[in-house]
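So the number in the working numbering is just where the residue sits in the sequence shown, counting from 1, plus 933.
Have a look at the structure below before the remarks.
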Amino acid sequence: MTRLIVVSNRVSPPNSKGEETVGGLAMALAAALREYSGLWFGWSGKTTPDFTGQLQMMKIDGVTTATIDIAEDDYDEYYNGYANKTLWPLLHYRTDLTAYDRAYGEGYERVNKRFAETLRPLIEKDDLIWIHDYHLIPLGRELRKLGVKNRIGFFLHVPWPAYQIFTTLPGHRKLVQAMFDYDLVGFHTHEYQQAFEEYVLTEAEGVQMPNGCLKCFGRTVKVGHFPIGIDAADFARMMKSARASRMRDIMTACTVFRSLIVGVDRLDYSKGLEERFIGFERLLADNPDLRREVLMLQIAPVSREGVEAYQEIRGRLDALSGRINGEFADVDWQPFRYVNKNYRRDELAGIYGAARVGLVTPLRDGMNLVAKEFVAAQNPDDPGVLVLSRFAGAARQLKEALLVNPNSPEEMADALKRALTMDKPERIRRWRALYDNVQREDVTAWRDAFVNELAGVEPRRTALAS
Ligand code: ADQ
934 MTRLIVVSNR VSPPNSKGEE TVGGLAMALA AALREYSGLW FGWSGKTTPD
984 FTGQLQMMKI DGVTTATIDI AEDDYDEYYN GYANKTLWPL LHYRTDLTAY
1034 DRAYGEGYER VNKRFAETLR PLIEKDDLIW IHDYHLIPLG RELRKLGVKN
1084 RIGFFLHVPW PAYQIFTTLP GHRKLVQAMF DYDLVGFHTH EYQQAFEEYV
1134 LTEAEGVQMP NGCLKCFGRT VKVGHFPIGI DAADFARMMK SARASRMRDI
1184 MTACTVFRSL IVGVDRLDYS KGLEERFIGF ERLLADNPDL RREVLMLQIA
1234 PVSREGVEAY QEIRGRLDAL SGRINGEFAD VDWQPFRYVN KNYRRDELAG
1284 IYGAARVGLV TPLRDGMNLV AKEFVAAQNP DDPGVLVLSR FAGAARQLKE
1334 ALLVNPNSPE EMADALKRAL TMDKPERIRR WRALYDNVQR EDVTAWRDAF
1384 VNELAGVEPR RTALAS
């Protein structure tokens, strides 16, 4: 069997206590690699004053990991800088938050080169190489410069934005050119794929070839969409665990016959948390009869604390949650609970299972795995309702959710009301269709579709894209 090398910015498989790191990508890659005798390469999460290139190899749960530390200035310029302050906001349509700093771009190039140089000696002739996400777009190019001719695929976990947004990035052409040093480039949805194609055809004068290939910069690359899913089988097992049941019981007990609305997200401006809080406030304001009947729990562990935009949104969310409780709480009822903690996956499963409504309303999201986890955690005989943003990639698959525009508090309040009052037959009918999709298009289907496509492309013989 061909060996699979997976490369991502962070390498974070489940630790020995069964706890897992927050983040959809880490969850998906850990699950995807479990069945492969593969290698997972990337950053350890630690920094050193100077870059050493020292590799740390480990085997955890059948997955071999190879990690490196990055230098402190790499952390500032590559990770906090170009990745989190430039590309992340840009790819999520937040040009207002996008910082353009030449030093960030240089840090990005430098770290990608260092990744390539450290990874190069580990690559064997027939390995398939699968590179993940916006941190590492130029990595394929750097590997090609070092003579790597293996099949290399790239998968983007976040949206590819509309042409008018992407072209606001200084140096946008160079980034797209680097995508042509891959053999296969994958997106979550057809919409992102189309936006990428539009850029190539209009801005870079590329040509659409038969069988899903694009030709540009003297190279041909195969492009496709591969919607990521959750490890549905593992989730079903986890739902039966003692911890999940205990958490479900605790949540049911402390909601005392009230309907629980739940949101679970990394604390990130792309997740639409402020808009969601305001939507819930609107529900309470417009529906006095529902006030004592509902309770909302928002779990949002802090992330990327080194970036100012994340510190600012944290302050605004604290103030909003205080405002909602201040306005509506009574001696025996507090409508809103806002928690900044991480939970184990089995505990989260129990929390989802106790909820009547899953409220997943990002302003933009590549896919959104929380929506799928919520569906997987429901009781088939009495399932909850998913309220989902139309701007999450998941909305393309989970069409039986109540789809909303997260920018409209009224629309969100109406959808919440509809979800809270939906009769059981409709809830069951919608949930069955959703669960069918979550089971069928799971993480294994995603991995197999991408890897099989990559394995099927012609091996390259030519040099770099020019
Ligand atoms: P993320 O932006 O991290 O992922 P998402 O897909 O929702 O977003 O995944 C978050 C994961 O973190 C989920 O598995 C969730 O259970 C977990 N999580 C969230 N809060 C937690 C908490 N408090 N405790 C424990 N676990 C928690 C990126 C893209 C997404 C894309 C994924 C995968 O931004 O659009 O779906 O990659 O491609």
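Just so it is clear, CB atoms sit at the ideal spot from N, CA and C, and this is done for glycine as well.
Nothing here was measured: the structure is a model prediction, and the numbers come from that model.
Contact between Phe1324 and Asp1298 holds, since their C-beta atoms are separated by about 7 Å, short of 8 Å. Taking non-hydrogen atoms of ligand 1 into account, the C-beta of Leu1281 is found less than 7 Å away from one of them.
The beta carbon of Tyr1368 is closer than 6 Å to those of Val1308 in its chain, skipping five residues each way along the sequence.
In the DSSP assignment, Asp1298 is bridged to Ala1325.
Boundaries for Gly1248: no beta strand (DSSP E) harbours it, while the alpha helix (DSSP H) harbouring it runs 1241-1261, taken from the DSSP string. Placement of the Cβ of Asn1370 at a distance of 7 Å or more from every heavy atom of ligand 1 is found. Contact between Ile1064 and Val940 is confirmed by a C-beta separation of about 5 Å, below the 8 Å threshold. As computed with DSSP, Phe1190 is found in no beta bridge at all. Here DSSP, grouped into helix, strand and coil, assigns Leu1217 to helix. In the DSSP assignment, Leu1353 falls within the unbroken alpha helix (DSSP H) covering 1342-1354.
Here Leu1223 carries a helix assignment [DSSP, helix/strand/coil].
Counting only the Cα atoms, Pro1392 lies some 10 Å from Leu1061. One thing to note: Ala1304 has its Cβ no nearer than 8 Å to the Cβ of Leu1335. Rounded to the nearest whole angstrom, the CA to CA distance from Gly1205 to Asp1059 is 43 Å.
Taking a contact as a CB-CB distance under 8 Å, the pair Asp1198 and Ala1233 counts as one, their CB atoms being some 5 Å apart. Taken through DSSP and simplified to helix, strand or coil, Leu966 comes out as helix. When C-beta atoms of the region 1283-1296 are compared with those of the region 1234-1251, fewer than three pairs fall below 8 Å, so the two segments do not count as touching. The region 1169-1176 makes no contact with the region 1207-1225; the number of CB pairs closer than 8 Å stays below 3. In this structure, Asp1381 has its CB at a distance of at least 7 Å from all heavy atoms of ligand 1.
One alpha carbon belongs to Met1142, the other to Val1156, and they sit about 10 Å apart. A straight line joining the alpha-carbon of Phe974 with that of Gly995 spans about 14 Å.
For Ile1062, the pairing in a beta bridge is given by DSSP as Ile938, Ile1085. Only residues of its own chain outside the window of five on either side were considered, and among them Thr1122 have a CB closer than 6 Å to the CB of Arg1329, listed in chain order.
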